[in-house]
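Per my numbering, the sequence shown runs over residues 15 to 322. What follows is a single structure, written as structure tokens, with notes after it.
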Amino acid sequence: MQNLNFLYLTIISLTLIHFHCILVQAQTSPSDIAALKAFKASIKPSSITPWSCLASWNFTTDPCSLPRRTSFICGLTCTQDSTRINQITLDPAGYSGTLTPLISQLTQLTTLDLADNNFFGPIPSSISLLSNLQTLTLRSNSFSGTIPPSITTLKSLRSLDLAHNSLSGYLPNSMNSLTTLRRLDLSFNRLTGSIPKLPPNLLELAIKANSLSGPLQKQSFEGMNQLEVVELSENALTGTVESWFFLLPSLQQVDLANNTFTGVQISRPLEAREGSSNSNLVALNLGFNRIRGYAPANLGAYPALSFL
15 MQNLNFLYLT
25 IISLTLIHFH
35 CILVQAQTSP
45 SDIAALKAFK
55 ASIKPSSITP
65 WSCLASWNFT
75 TDPCSLPRRT
85 SFICGLTCTQ
95 DSTRINQITL
105 DPAGYSGTLT
115 PLISQLTQLT
125 TLDLADNNFF
135 GPIPSSISLL
145 SNLQTLTLRS
155 NSFSGTIPPS
165 ITTLKSLRSL
175 DLAHNSLSGY
185 LPNSMNSLTT
195 LRRLDLSFNR
205 LTGSIPKLPP
215 NLLELAIKAN
225 SLSGPLQKQS
235 FEGMNQLEVV
245 ELSENALTGT
255 VESWFFLLPS
265 LQQVDLANNT
275 FTGVQISRPL
285 EAREGSSNSN
295 LVALNLGFNR
305 IRGYAPANLG
315 AYPALSFL
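Rendered as structure tokens:
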């Protein structure tokens with residue numbers, strides 16, 4: 015009798031353990047699952063090849079369940095407690111479709127990378143609700159329309175790459191509110207207008223091959239003490255490149271070629287005035303502009319300059 019009772023208890027215990035495991039494995043937030051379903055539904059089924067990441071997104075299985083053998087084998091990662099989606103990084107498989115506004119429900123997302131596909135249509139303004147987003151990479155797609163001003167509310171954003179799309183219109187006026195942004199690449203779009211006040215902590219700025227116009231203004235670059243790389247070639251920028259620009263303390267590489275600049279003023283770095291120079295400027299490209307007159311005499315005060 016005791017053996018029989020023990021057998022019953024063992025069976026009940028194993029059943030409870032199995033039930034617990036099911037509960038542990040199937041715990042992704044319903045709102046996250048709904049957002050993933052909407053994300054996949056916004057992509058043309060004909061562009062989802064059998065060997066692609068999205069082909070493995072089978073919603074008969076919980077997205078964050080482990081081990082992943084046949085479903086959700088790539089394209090996303092989950093938080094440590096397996097309750098929320100925190101990264102979407104798609105493979106470059108030629109997916110064609112729009113980016114659903116319901117992406118905003120993935121509020122724990124830190125990375126959204128859809129690079130090298132065929133997404134089209136506007137970038138939804140609801141993307142501003144992704145308050146934990148650190149990396150937004152939509153490069154090499156066919157996104158069109160303007161850059162939504164709401165994107166400047168992403169206070170955790172460190173890298174924004176929208177290059178190689180068909181975006182048009184002006185840059186958002188409140189770009190400088192992205193105080194954590196370190197890398198900005200908007201190259202190869204159809205952006206117009208002048209350069210607004212930029213994020214103060216940028217390391218890399220690339221807005222080449224657009225239709226930006228007007229002069230480089232000091233207030234646009236105010237406080238940018240960490241800026242190392244500036245790529246603004248192939249635009250319609252005008253006026254004189256003034257001396258304050260070359261006094262940005264961390265500047266290393268500058269490409270202003272293929273614009274309509276008419277002059278350049280280069281001051282001696284502060285260190286050079288005091289008898290030594292620690293300027294980091296290595297490369298300066300001013301080719302294919304409308305600059306006339308003599309070459310600036312103070313170029314010799316930049317000892318690290320190896321490309322001009």
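The C-beta atom is built at its ideal place from N, Cα and C for all residues, glycine as well. As the structure is a computational prediction, the values presented were derived from the model and not from experiment.
Query raised in the report: Taking just the CA atoms, how far does L298 sit from L322?
Result: Residue numbering aside, residue 322 sits at position 308 when the sequence shown is read from its first letter. Residue numbering aside, residue 298 sits at position 284 when the sequence shown is read from its first letter. For L322 and L298, the distance between alpha carbons rounds to 5 Å.
**Report entry** the ligand NAP heavy atom lying under 7 Å from the CB of F202
**Finding:** Ligands are entirely absent from the displayed structure, and the ligand NAP is therefore not among its contents.
Requested in this report: For L23, count neighbouring Cβ atoms within 10 angstroms of its own Cβ and tell me buried if that reaches 16, exposed if not.
Outcome: Locating residue 23 in the sequence shown gives position 9, where the first residue counts as 1. In this prediction, L23 scores a pLDDT of 43, lower than 50, which makes its location untrustworthy; no coordinate-derived value is stated.
Query raised in the report: Which residue comes first and which comes last in the alpha helix (DSSP H) that contains I47?
Result: If you number the sequence shown from 1, residue 47 lands on position 33. 44-55 is the extent of the alpha helix (DSSP H) around I47.
Query - Alpha-carbon to alpha-carbon, A311 and A14 - result: Absent from the structure is residue 14, since the part of the chain shown begins at 15 and ends at 322.
Query raised in the report: Where R306 and E242 are concerned, what is the direct C-alpha to C-alpha distance, given to the nearest angstrom?
Result: Start at 1 with the first residue of the sequence shown, and residue 306 comes out as number 292. Start at 1 with the first residue of the sequence shown, and residue 242 comes out as number 228. Straight-line Cα distance between these residues: approximately 27 Å.
Requested in this report: Counting only the same chain and skipping the five closest in sequence on each side, list residues whose C-beta sits under 8 Å from that of S320.
Outcome: Your numbering for residue 320 matches position 306 in the sequence shown. The residues are V296, A297.
Report task. Look up N132 in the DSSP assignment and give the residues it is bridged to. Result -> Position 118 of the sequence shown, counting from 1, holds the residue named residue 132. S110, per the DSSP bridge assignment.
Query raised in the report: If you run the structure through DSSP and keep just helix, strand and coil, what is T97?
Result: In the sequence shown, counting from the first residue as 1, residue 97 sits at position 83. T97 falls in the coil class under three-state DSSP.
**Report entry** As assigned by DSSP and simplified to three states, the class of R287
**Finding:** Reading the sequence shown from its first residue, position 273 is the one you call residue 287. Reliability fails at R287, whose pLDDT of 47 lies under 50, so the model's placement of it is uncertain and no value is given.
Report task. Select from T254, T93, C67, I141 the residue whose C-alpha is nearest the C-alpha of S79. Result -> Residue 79 sits at position 65 when you count from the first residue of the sequence shown. Of the candidates T254, T93, C67, I141, the one whose C-alpha sits nearest the C-alpha of S79 is T93.
**Report entry** Buried or exposed by the 16-neighbour rule on C-beta atoms within 10 Å, applied to P317
**Finding:** Mapped onto the sequence shown, residue 317 falls at position 303. Label assigned to P317: exposed.
Query - Neighbourhood of S112 by C-beta, 6 Å cutoff - its chain only, sequence neighbours within 5 removed - result: Translated into the one-based positions of the sequence shown, residue 112 becomes position 98. According to the sequence shown, residue 112 is Thr rather than Ser. Same-chain partners within the cutoff: S56, G135.
Requested in this report: Can you say whether W65 is buried or exposed, counting buried as having 16 or more other CB atoms within 10 angstroms of its CB?
Outcome: One-based indexing of the sequence shown puts residue 65 at position 51. Exposed: under 16 other Cβ atoms inside 10 Å.
Report task. Please check the pair N273 and L251, which I expect to be a contact at CB under 8 Å, by giving their CB distance rounded to whole angstroms. Result -> Locating residue 273 in the sequence shown gives position 259, where the first residue counts as 1. Locating residue 251 in the sequence shown gives position 237, where the first residue counts as 1. Right, the Cβ-Cβ distance comes to about 4 Å (below 8 Å), so this counts as a contact.
Query - Alpha-carbon spacing of S96 relative to N131, whole angstroms - result: Working through the sequence shown from its first residue, we reach residue 96 at position 82. Working through the sequence shown from its first residue, we reach residue 131 at position 117. Each residue's alpha carbon lies about 28 Å from the other.
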